[in-house]
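Residue numbers (the numbering used here): 94 to 248.
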């Protein structure tokens, strides 16, 4: 699945990118986790690969955040430091993507890199303001994984 978006022309162009990325595996926090911890305790990690990306909390909630993990046991992930505190029972989801790659083209055939931006997990969409954008520009967007540098196809 490739990202979908809407381009809005005003002063420059505003891209409203739908955050419709998918989850591969899910589990739940086993206990409250405070901001700054680097090991999170979950119900089960069986369906998760040995390293990867997680979305902690419910997508589109103010408490949602992406976090990378470098190791796992049966019930823990070794992660980068949590930015936010999370409550027992919040979801922990494996996802492939945490960024968007945006390209632009004056003619729809010759593409130039425009930006790589973080997906906003706290909203249903991620906004990108291309201040120098004009009404005639074409855009295409791909998902990207900041850890592995893998990327989806372009929209």
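Each residue gets a CB set at the ideal place from its N, CA and C atoms; glycine is no exception.
Source: prediction; values computed, not measured.
Between the region 172-181 and the region 137-154 there are three or more inter-stretch CB-CB distances shorter than 8 Å, so the stretches are counted as touching. Beta-carbon to beta-carbon, residue 171 and residue 138 are separated by about 11 Å, too far to satisfy the 8 Å threshold. In the DSSP assignment, residue 149 forms a beta bridge with 158, 185.
Across the structure, residue 232 and residue 155 are spaced so that their CA atoms are roughly 29 Å apart.
Distance from the CA of residue 146 to the CA of residue 125, rounded to the nearest whole angstrom, comes to 20 Å. Three or more beta-carbon pairs separated by less than 8 Å link the region 214-234 to the region 107-117, which places the two stretches in contact. About 5 Å separates the Cβ atoms of residue 247 and residue 235, confirming a contact at the 8 Å cut-off. Residue 187 and residue 121 do not touch by the CB rule: their CB atoms are close to 13 Å apart, not below 8 Å.
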